[in-house]
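Each residue of the sequence shown is one higher than the last, beginning at 116 in this note's numbering.
First the structure, in the form of structure tokens, and then the observations on it.
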Amino acid sequence: MFDAAPQDAQRGSVLRPALSRCINISTDEFARDYWSRRPLLSPADTLGDGFDDLFSTDAVDELVSERGVRTPFIRMAHEGSVLKPARYTASGGFGAEVGDQVSSDKVLAEFAGGATIVLQGLHRLWPPLIDFTRRLIDDVGHPAQVNAYVTPASSRGFDPHYDTHDVFVLQIAGEKHWTIHAPVHADPLSNQPWSDHAEAVAAAAEQQPVIDQVLRPGDALYLPRGWIHSAKALGDTSVHLTIGMAAYTRSDVVDALLSVVGDAEDLRTSLPLGIDLTDADALRPVVEQTVQALMTALADSDGASELASRRLSSRLAAATRPEPVRPLATIAAVAALSGDTRVRWRGSLPARIDEADGRVRLRVRAKDLSLPAEASPALRQLAEGEDVAISDLEGLDDASAIVVVRRLLREGILVATE
Numbered sequence: 116m117f118d119a120a121p122q123d124a125q126r127g128s129v130l131r132p133a134l135s136r137c138i139n140i141s142t143d144e145f146a147r148d149y150w151s152r153r154p155l156l157s158p159a160d161t162l163g164d165g166f167d168d169l170f171s172t173d174a175v176d177e178l179v180s181e182r183g184v185r186t187p188f189i190r191m192a193h194e195g196s197v198l199k200p201a202r203y204t205a206s207g208g209f210g211a212e213v214g215d216q217v218s219s220d221k222v223l224a225e226f227a228g229g230a231t232i233v234l235q236g237l238h239r240l241w242p243p244l245i246d247f248t249r250r251l252i253d254d255v256g257h258p259a260q261v262n263a264y265v266t267p268a269s270s271r272g273f274d275p276h277y278d279t280h281d282v283f284v285l286q287i288a289g290e291k292h293w294t295i296h297a298p299v300h301a302d303p304l305s306n307q308p309w310s311d312h313a314e315a316v317a318a319a320a321e322q323q324p325v326i327d328q329v330l331r332p333g334d335a336l337y338l339p340r341g342w343i344h345s346a347k348a349l350g351d352t353s354v355h356l357t358i359g360m361a362a363y364t365r366s367d368v369v370d371a372l373l374s375v376v377g378d379a380e381d382l383r384t385s386l387p388l389g390i391d392l393t394d395a396d397a398l399r400p401v402v403e404q405t406v407q408a409l410m411t412a413l414a415d416s417d418g419a420s421e422l423a424s425r426r427l428s429s430r431l432a433a434a435t436r437p438e439p440v441r442p443l444a445t446i447a448a449v450a451a452l453s454g455d456t457r458v459r460w461r462g463s464l465p466a467r468i469d470e471a472d473g474r475v476r477l478r479v480r481a482k483d484l485s486l487p488a489e490a491s492p493a494l495r496q497l498a499e500g501e502d503v504a505i506s507d508l509e510g511l512d513d514a515s516a517i518v519v520v521r522r523l524l525r526e527g528i529l530v531a532t533e
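The structure is reproduced here in structure tokens:
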């Protein structure tokens, strides 16, 4: 068995290049002392070249005025209240009559009146952030998404609250004053929103903050889920990116392990006839027997680990996207394959390679491919992520290598680089 790591994650297994842009300490120190534990403020002068290559005020104007963005990829808020979409959307006119497209005129009016623009899902809309987010997911191992918050001068966006996901805040333009308070409900799950603890959140926000800082262009802030925060723009318009990471938790591991229930006969049996479900004493022996049966079913730690791995990796694959492929360019490359054609493994596409019964089996997301055993060295070579000429693939002559590469290109596993 051979696990092919995503290309960029494998290449950056030590440096984690996307993550390193967001923090001013080593990734090992961040993982040990900060991830899911406490905030980290990274000033611009400790980070490097800033984030102008990722996003800008010009990008905001382009998205609002030229890209036909629709809800829910845009929303607006004023003094903590979300505006109704009709306040900033309209039909696109003849040939584009969809009614929930962003209206630049309406956005201008609301923004001039103090409303914040929120551009959502930029990891699917804006090319630099598509690539950056994909690489960051490789680095952190959890799903991520990107929103932009564009706040007029001296306006605040949302009331003090906490998120149920970790975030990186990257300040793009202007200045924003952030106030951070310790959690009132540590490590909240996705079904435990801040509104469930609204009074405690409001009371905590009146206390001495843990961080009280103005973020300027190039600054970055990491906030674990549950940490209470609010922000206010200062001076000119403020633009920042919020990168949300939906970290998998031990609760998710439990959910994955409980899928073994259907395979255990003792856990499929019916409860006693006539049992009184309101009587805790009557349920106690059933609970004890069930816990014991579950422990027995999970006694094989290797099997349990394999089960959790399959379930969670499947969830990650469904929640994230590998490097985009270009259908027309790919078909053109397939038609012109030769020994000189250079190809590489598709970025952020993990796979498993197994050999059995004279065949090599390639498992990639929902796909399961079977190839001749002699293709195994070439597959392993490609899975390392390096750019390689077809004629240099190990264990195959040019004709066989072209057949293998043609299939892998069509299946979206490889991309042509020349």
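The C-beta atom is built at its ideal place from N, Cα and C for all residues, glycine as well.
What you are looking at is a predicted structure, and each value in this text was computed from that prediction instead of being measured.
The way I'd put it, the region 263-270 doesn't touch the region 364-381; fewer than three beta-carbon pairs between them come closer than 8 angstroms. Distances from the CA of E181 to each of L155, S345, D220, A451 were compared; the closest alpha carbon is that of D220. Contact check for G473 and R249: beta-carbon distance about 36 angstroms, past the 8 angstroms limit, so the pair fails to qualify.
According to the DSSP assignment, K291 belongs to the beta strand (DSSP E) that extends over 281-296. Q404 is positioned such that its CB atom lies no closer than 9 angstroms to that of G333. Taking the Cα of K199 as reference, the smallest distance to any Cα among R190, W342, G207 is reached at R190. Around P258, the same chain offers I252, M360, A361, L431, A434, T435 as residues with beta carbons nearer than 8 angstroms, after the five sequence neighbours per side are excluded. About 7 angstroms separates the beta carbons of S151 and D281, which is inside the 8 angstroms limit, making them a contact pair. The C-alpha of D167 lies about 28 angstroms from the C-alpha of D274. Its Cα nearest to that of Q322, the residue H296 stands out among S305, V329, D302, H296. Comparing alpha-carbon positions, the option among A531, D173, S491, L413 lying closest to D502 turns out to be A531. The region 493-511 makes no contact with the region 417-431, as fewer than three CB pairs between them are under 8 angstroms. Under the three-state reduction of DSSP output, K199 falls in the coil class, being neither helix nor strand. The beta carbon of V449 lies closer than 7 angstroms to those of R521, L524, R525 in the same chain, with the five residues before and after it left out. Inclusion of A348 and G289 in the CB contact set at 9 angstroms is warranted, their separation being smaller than that value.
Looking at E212, T204, L237, P243, the one whose alpha-carbon comes closest to that of E225 is T204.
For the pair of segments examined, the region 383-391 was found not to touch the region 455-469: the number of CB pairs separated by less than 8 angstroms stays below three.
Here H312 carries a helix assignment [DSSP, helix/strand/coil]. For the pair A346 and V197, the Cα-to-Cα distance works out to about 16 angstroms. Ranked by how close their Cα comes to the Cα of S305, the residues V329, E212, R340 have R340 in first place. The Cβ-Cβ distance between Q235 and G183 does not fall below 9 angstroms. Listed in chain order, the alpha helix (DSSP H) elements of length 4 or more contained wholly in the region 385-430 are 395-412.
Under a 10 Å Cβ-count criterion, S485 is classified as exposed, with fewer than 16 other Cβ atoms of the shown protein chains found around its own Cβ. The beta carbon of F247 lies closer than 7 angstroms to those of A133, L169 in the same chain, with the five residues before and after it left out. A201 is classed as exposed because its beta carbon has fewer than 16 other beta carbons within 10 Å across all chains shown.
Look at the region 158-186 and you find these whole runs of alpha helix (DSSP H), each 4 residues long or longer: 172-181. For the 9 angstroms CB-CB criterion, L244 and V284 do not form a contact. Inter-residue distance for P492 and I528 is about 16 angstroms (C-alpha atoms, whole angstroms).
V368 places its beta carbon less than 9 angstroms from that of L427. Distance check between E380 and each of V402, L409, T357 places L409 closest, using alpha-carbon atoms only.
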